[in-house]
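Report on the following structure.
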DNA sequence: AATGAATGAGATTTCATTCAT
DNA sequence: AATGAATGAAATCTCATTCAT
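Chains as they are written, first to last, in this note's numbering: chain A, 113 to 309; chain B, 113 to 309; chain C, 113 to 309; chain D, 113 to 309.
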């Protein structure tokens, strides 16, 4: 099924990993092509065999991993029927990702601010998943939105996302002990209080 | 007799303001000394009359404004006696700051991730103010911390900070309408649910 | 199969030669990277493909050419058995070098003062070659050192080196006519008077 | 007799000394106006109250101190009648200067190579004093110049100057112990051998 | 005379990228 | 696919100097 190929690429994966690591550790702008290549143990020019340029690499990595994270969240949510179970499943799935692939998690969720201005507006983001989750729960009557429902669901999603993320950040900067997954239940309890569910 | 002075500084404030603006808009690393100088309408070399180099400028601006924000939060909290009133006061004060001086707010609260690795560990941060706020409320019996009290207070502060911040971010990226201050009451309600107070 | 190489270096030698020429003509500090690159007909950045920075280039050039000069002196001396013949051979060899490769000679012998403070103390210098020459002659009984032998051999080497060098300098500034090699016999006569040999 | 003055200048001497020290230690080109001012404990602008610019300062310092050294040598020589006594007197005078004011000595004798290209050709230099010394001794019959007398006297002066100087350099770089004056007799003995006097 | 502030020109070095092998 | 060499543009910072006080 695989396409007939010459030699398998040798530099692509090392470059991908090195880039991810450095982007997360230092930020995208602070990371140079030279850094990435050295870290990957290949030449700088090798990068241009696999991506058109640095910007292309950043965008490819970001959209690919973003899609992964969104899919992960949506599939976790899809396995459950009630809001409480869905929140727990989403929290566990994303925190497991954080523990197992912290680079992917941090790259997608933290680096997006650095890229904010250059991203297409129609990308589906984790925030959108959470907003939909809340809207569907409201539609099912599991939670009651006060006042402007749209507005309120957005605000609640902000609170949820913020709570989820800040706990992860606290583990990252040592204020909370890792692994992050151990906090999933407590964070979910707080999240459900936020939703009054 | 004054000790023969040169002329009064003319470039410092413009540079400070331009830097703040550009750092927030584009990120610290993406902003060059040339950008800052042009924006301020002075020469690039003028920057080096007032800061040792770009890094020094970033650090100085950050620590100065961080101290301002921490002081703002602490004085808002100090004027109130109950947890609910304190949370509301802190939220209003910081959201008012966001509306009136969005640059300072965003610089301090958002840029810190870009600087995270290079900051001294003993700086007092807004997070620490919130952690203390919660601990004192628990000591007064206004809230009950379950399980490990230290641990729980940190987790709650993460949820609070995350909720506060993410709402601000949503206003920044258009998911919520501005000004931010109009959301202070709703955010505070959510925060108090988090604290079960 | 050779391990996939890039292209052969095209800028290295031109840079080396241009640097040597300009360092000698204007001094190391007065010569900029831009000067060197222009003189070599390559880009400024090319320098950084072959040396870490300007300082590294200066040090590399100096130590390499210093080793050449030391080797030249030692091999000239090694071909002769008596002190008189050795001094003459060393003088001729170095003066021939001055006439044929004035850049190398002047770079090594004159630029060392500009670098004095930053050079490793254990480098073998032409002075050391001469000191050894005198010591061995004393050991063979060809000359008699009065007083403290160590001390005296150093003083004599200073006189020898000074005499050799100053003659070269005089040719450089026009007090004496070139080529320098024509003065080798006369200088050697003076040198042997210094050694009373 | 002194001209009616306001306040005596406060910055001039510190600047002069700092410049001398740094020029000798690092070379003229490697020493910046900022270095000099900091070392002197005054502002950079103060330099321009006393010299037109850096180049003017360098030239003033050089020509003033050069004249001092030349005068010192000539007066030492003038007190003696025979060549041997004159050489000894000149050597002692200059080595005493080296020990007492090493900065002046080194500035004049060593820095001249860095300035060589920009100096007026008609300046009377220490080398010229020595050449005259030898010519007069030859005229008096104290020494016999072989071959082309002019040529030979220049060569001998090169040897003399080189011997004098290199001994000083050896003290500077630690190959010979200081103070330099202790070597004056030995160096003079060598010098007289050079002159066969 | 002396200063702190400010500057334009230029220094060194880094950047992302292209080229030839 | 991958490399080492090379580059133009831009980055940060330094330089000697001038200005206003």
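All residues carry an ideal CB built from backbone N, CA and C; glycine is no exception.
Query	Result
Residue burial classification, residue 143 of chain B (beta-carbon count within 10 angstroms, cutoff 16)	buried
CA-to-CA distance, residue 249 of chain B to residue 305 of chain A, given in whole angstroms	19 Å
C-beta atoms of residue 129 of chain C and residue 210 of chain C nearer than 7 Å	no
Contacts around residue 245 of chain D, its chain only, beta-carbon distance under 7 Å, and the 5 residues preceding and following it disregarded	189, 198
Reference residue 81 of chain B; option with closest CA among A:269, A:285, A:302, A:286	Past the edges of chain B, shown from 113 to 309, lies residue 81 of chain B, and the structure says nothing about it.
Chain-ordered neighbours of residue 153 of chain C on chain D, where CB pairs are closer than 7 Å	Within 7 Å Cβ-Cβ: nothing; residue 153 of chain C doesn't reach chain D, min ~24 Å.
Neighbouring residues, chain C, relative to residue 141 of chain D (Cβ below 7 Å)	139, 141, 142
Beta-carbon proximity of residue 275 of chain D to residue 271 of chain C, cut-off 7 Å	yes
Proximal residues of chain B, C-beta to C-beta of residue 242 of chain A below 8 Å	Residues of chain B passing the Cβ test: none, with the nearest at roughly 10 Å.
Which listed residue (B:232, B:308, B:174) has its alpha carbon closest to that of residue 222 of chain B	B:174
Under 7 Å from the C-beta of residue 305 of chain A: neighbouring residues of chain B	305, 306, 308
Partner residues on chain B for residue 222 of chain A, Cβ-Cβ distance less than 9 Å	225
Residue 263 of chain A to residue 303 of chain B span [Cα, whole Å]	17 Å
Nearest to residue 202 of chain C (by Cα), restricted to the options C:195, C:196, C:185	C:185
Neighbour flag for residue 277 of chain B against chain A, beta carbons, 7 Å	yes
Nearest residue (CA-CA) to residue 172 of chain A, options A:208, A:137, A:155, A:232	A:232
Runs of alpha helix (DSSP H) lying entirely within the segment 217-265 of chain D, each at least 4 residues, in chain order	224-227, 238-251
Of the residues B:294, B:229, B:238, B:259, the one placed nearest residue 284 of chain A, counting alpha carbons only	B:229
Cβ-based burial, residue 235 of chain B [other Cβ within 10 Å; buried from 16]	exposed
Residue 238 of chain A vs residue 181 of chain A beta-carbon contact at 7 Å	yes
Coarse secondary structure for residue 175 of chain C, derived from DSSP in three states	helix
Ordered list of alpha helix (DSSP H) runs contained in the segment 148-199 of chain C, each at least 4 residues	159-162, 166-190
Residues of the segment 285-298 of chain D whose Cβ lies closer than 7 Å to any Cβ of chain C, in chain order	285, 287, 288, 295, 298
DSSP-derived helix/strand/coil call for residue 301 of chain C	helix
Close beta carbons around residue 123 of chain C, own chain, < 6 Å, minus the five adjacent residues each side	154, 158
Separation of residue 166 of chain A from residue 141 of chain A, as counted between CA atoms	10 Å
As assigned by DSSP and simplified to three states, the class of residue 140 of chain B	coil
Where residue 289 of chain B falls, given that 16 or more other Cβ within 10 Å makes a residue buried	exposed
Contact list for residue 145 of chain C against chain D, beta-carbon separation under 9 Å	The premise fails here: residue 145 of chain C is roughly 15 Å from chain D at the closest Cβ pair, so nothing lies under 9 Å.
Simplified DSSP state of residue 309 of chain A, which is helix, strand or coil	coil
Where residue 134 of chain D sits in the DSSP three-state scheme	helix
Secondary structure of residue 284 of chain B, DSSP reduced to three states	helix
Identity of the residue in D:220, D:192, D:240, D:287 nearest residue 266 of chain C by Cα	D:287
Residue 169 of chain C burial status per 10 Å Cβ neighbour count (16 or more: buried)	buried
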